[in-house]
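Visitor: Residue numbers (this note's numbering): 587 to 1086. What follows is a single structure, and I will ask about it in a moment.
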Amino acid sequence: MQLSDLLIDIDYDLVQGSLDVKVESVENDSRKVQNHSLFFCISGAVFDGHNFVNNVVEQGASVLVVEKDVEVNHSEVTVIRVKNSRYAMGVISAAFYGNPSDKLTVIGITGTKGKTTTTYMIRSMLEAAGHKTGLIGTIESIIGEKVTPAANTTPESIVMQRMMKEMVDVGLDSVVMEVSSQGLMLDRVAGISFDYGIFTNLSEDHIGPNEHKTFEEYLGWKAKLFTLCKTGIFNLDDTYVSDIMKVHTCDVITYGMAPNADYKAENLNLYQKDGSLGIAYDLNGKYQEHVVVGMPGEFSVHNSLAAVAVAKEMGVSMEQILEILTDIHVKGRVELIPISDAFTILIDYAHNAVSLESILVTLRAYHPERLIALFGCGGKRSKTRRFEMGEVSGKMSDFTIITSDNPRDEEPQAIIDDIKIGIGKTDGEYIEIIDRKEAIRYAIMHAKQGDVIVLAGKGHEDYQEINGVKYHMDERDLIREILEEEDVTKICGYNNRYFA
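Right, dumping it as structure tokens:
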């Protein structure tokens, strides 16, 4: 592809060289540069690509895209200067890969919570209706039959464009993706044509020296999505929705429990049956239906409403939508593991005090006989998190099982001792069992009628990191192994519907 064809939608200055240059690959990783590569010089927090210009030229790069002055030892190399290398990387990469987002229906979801669950709900609904749908998110990317664990919630733009090109090549027609505030701030979605943008909710998160300086900045980057999409779908119940909508340039669809919502939930009803927890509601507004969601909590109402809205706008039948929601599950997000009719066990990614408190509040609403929290904390992380999680569990659960998470380079017992400091501020009862499998075994074998047990912290993760090595450890596998090793007749209400 000719360089001149890649620069049509970019403002630039030609510093040296010619635009009549062949480009065979686009890269921002100096280790991947080869002959006829275009290399983006990105000013990162740790590395600055501008410092490697002569290295990549030696490797064969024929074009450099820069935002700073550079000294290049080869006069035949083309140097293109732009205002923002990250933005240029998205737009140029899109052009290089044939603007794949123009050939897909693209759905982007932003917000503090609910992004992951909502993406899976939407993908399931679209797939049921015959839309071949890719997914890019916190847990994984899905391209046809190919599933790849995620490194970032929103990958770098060059990776995003490559993934969407692959989606087009394998015959997909839609993609649903999580769009983080970092992804918006760092122009990782530059060059993407969004058909739908969804706002879930906003709360204080990702505020710090390496993320967003203030809450206002965080909100501002979230709001940017609604200047990039054709149609915005907004949660009217959120405190900050009017702030998010201030700069929007898109058509507006709303959802929530607010009286004027286009997709409105009324008459909420928590339900539990045979160890399963869920919530039901009446859908009003544009459509009238009774909706049952096979996931617990009021947040499941908002997530499902957002999914219903985009699915209906894309022509999915209500029958298909209702069927999907009844049996929905998302890996590591209040994920029910139905092994008993008498008690509930679920896996959730809650890995800090705020998220642990949220899931415990949600589960307490179902009036369990006992609410049991099993969790640990990661090594090489703030001790404050350990104190806070211990205190939250001590106050809000009936019994805590303290165990190991990702100890990394720390001794698991030392981490547990920190958690015990927090729980010691409460009257909460607890037991400590370092080995996570044995901790889960204890929870299952000591479960009683009406108990709700949450395995918190690992969620979708399928590894445990110890001394720099990631060992396979999936809590679903641990539960299966325990069931194979134990006399299941001793498990309260055993009726395995998960591994059968």
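Idealized CB from N, CA, C, for every residue including glycine. The structure presented is a predicted model; accordingly, all values stated were derived computationally and were not measured.
1) Let me make sure I understand the geometry here. Which of 967, 806 and 915 has the alpha-carbon closest to that of residue 702?
2) For residue 851, which of 836, 645, 961 and 872 has the nearest alpha-carbon?
3) Under the DSSP definition of a beta bridge, which residues are partnered with residue 815?
4) Once the 5 residues before and after residue 763 are set aside, which same chain residues still bring their CB inside 6 Å of it?
5) Going by C-alpha distance, which of 652, 773, 849 and 1035 is nearest residue 639?
6) Can you give me the C-alpha to C-alpha distance between residue 700 and residue 787, rounded to a whole angstrom?
7) Under 8 Å, do residue 935 and residue 987 count as touching if we go by C-beta distance?
8) What beta strand (DSSP E) runs, 3 residues minimum, are completely inside the stretch 867-935?
9) Nearest by alpha-carbon distance to residue 897: which of 663, 760 and 661 is it?
10) How big is the Cα-Cα spacing for residue 1049 and residue 997?
11) Specify the secondary structure class of residue 616 as computed by DSSP and reduced to three states.
12) Drop a sphere of 10 angstroms on the beta-carbon of residue 882, count the other beta-carbons inside from all chains shown, and report buried for 16 or more, exposed for fewer.
13) Taking the CB atoms as reference points, tell me whether residue 890 and residue 707 lie closer together than 8 Å.
14) Taking the straight line between their C-alpha atoms, what separation do you get for residue 681 and residue 592?
15) Does DSSP put residue 859 in a helix, a strand or coil?
16) Which value, in whole angstroms, describes the spacing of the CA atoms of residue 975 and residue 992?
17) If you draw a straight line from the C-alpha of residue 1072 to the C-alpha of residue 734, how long is it?
18) So, at 6 Å on beta carbons, what are the nonlocal neighbours of residue 1022 in its own chain, with the 5 sequence-adjacent residues on each side left out?
19) Return yes when the Cβ of residue 816 is within less than 8 Å of the Cβ of residue 754, no when it is not.
20) Determine the closest residue to residue 947 out of 655, 641, 1080 and 884, with distance taken between C-alpha atoms.
21) Do the stretch 664-676 and the stretch 857-867 touch if we need at least three Cβ pairs shorter than 8 Å?
22) So residue 709 and residue 743 are supposed to be a Cβ contact under 8 Å. How far apart are they, rounded?
23) Which of the three DSSP states is assigned to residue 746 in this structure?
Guide: So, from the data block:
1) Residue mapping note: residue 702 aligns to position 116 of the sequence shown, counting from 1. When each option's Cα is compared against that of residue 702, the closest is 915.
2) Here residue 851 is taken as the residue at index 265 of the sequence shown, counted from 1. Residue 872 is the option with its Cα nearest to residue 851.
3) The residue labelled residue 815 in the question sits at position 229 within the sequence shown. DSSP, once it has assigned bridges, lists 780 as partnering residue 815.
4) The residue labelled residue 763 in the question sits at position 177 within the sequence shown. 694 and 722, listed in sequence order.
5) Sequence index remark: in the sequence shown, residue 639 carries index 53 (1-based). The shortest C-alpha separation from residue 639 is found at 652.
6) For the purposes of this step, residue 700 is taken as the residue at position 114 of the sequence shown. For the purposes of this step, residue 787 is taken as the residue at position 201 of the sequence shown. Rounded to whole angstroms, residue 700 to residue 787 spans 8 Å at the Cα level.
7) Translated into the one-based positions of the sequence shown, residue 935 becomes position 349. Translated into the one-based positions of the sequence shown, residue 987 becomes position 401. Not closer than 8 Å, so no.
8) 875-879 and 930-934
9) Stepping through the sequence shown from its first residue, residue 897 is reached at position 311. The candidate whose alpha carbon is nearest that of residue 897 is 760.
10) Counting from one through the sequence shown, the residue named residue 1049 turns up at place 463. Counting from one through the sequence shown, the residue named residue 997 turns up at place 411. If you take the alpha carbons of residue 1049 and residue 997, they lie about 17 Å apart.
11) Along the sequence shown, one-based indexing puts residue 616 at 30. Reduced to three states, the DSSP call for residue 616 is helix.
12) Counting from 1 along the sequence shown, the entry for residue 882 is found at position 296. It is buried - the Cβ of residue 882 has at least 16 other Cβ atoms within 10 Å.
13) Here residue 890 refers to the residue found at position 304 of the sequence shown. Here residue 707 refers to the residue found at position 121 of the sequence shown. Yes, these two residues count as a Cβ contact at 8 Å.
14) In the sequence shown, residue 681 corresponds to position 95, counting from 1. In the sequence shown, residue 592 corresponds to position 6, counting from 1. Approximately 6 Å between the Cα atoms of the pair.
15) Within the sequence shown, numbered from 1, the residue matching residue 859 stands at position 273. In this structure, residue 859 counts as strand in the three-state DSSP scheme.
16) Counting from 1 along the sequence shown, the entry for residue 975 is found at position 389. Counting from 1 along the sequence shown, the entry for residue 992 is found at position 406. In a straight line, the C-alpha of residue 975 is about 15 Å away from that of residue 992.
17) Translated into the one-based positions of the sequence shown, residue 1072 becomes position 486. Translated into the one-based positions of the sequence shown, residue 734 becomes position 148. The alpha-carbon atoms of residue 1072 and residue 734 are separated by roughly 33 Å.
18) Residue numbering aside, residue 1022 sits at position 436 when the sequence shown is read from its first letter. Correct list, in chain order: 989 and 990.
19) To locate residue 754, count along the sequence shown from 1; it is residue 168. To locate residue 816, count along the sequence shown from 1; it is residue 230. No, they are not a contact pair.
20) Reading the sequence shown from its first residue, position 361 is the one you call residue 947. Residue 947 has its Cα closest to that of 884, out of 655, 641, 1080 and 884.
21) no
22) Looking up residue 709 in the sequence shown gives position 123. Looking up residue 743 in the sequence shown gives position 157. 22 Å between Cβ atoms; not a contact.
23) Mapped onto the sequence shown, residue 746 falls at position 160. Three-state result, residue 746: helix.
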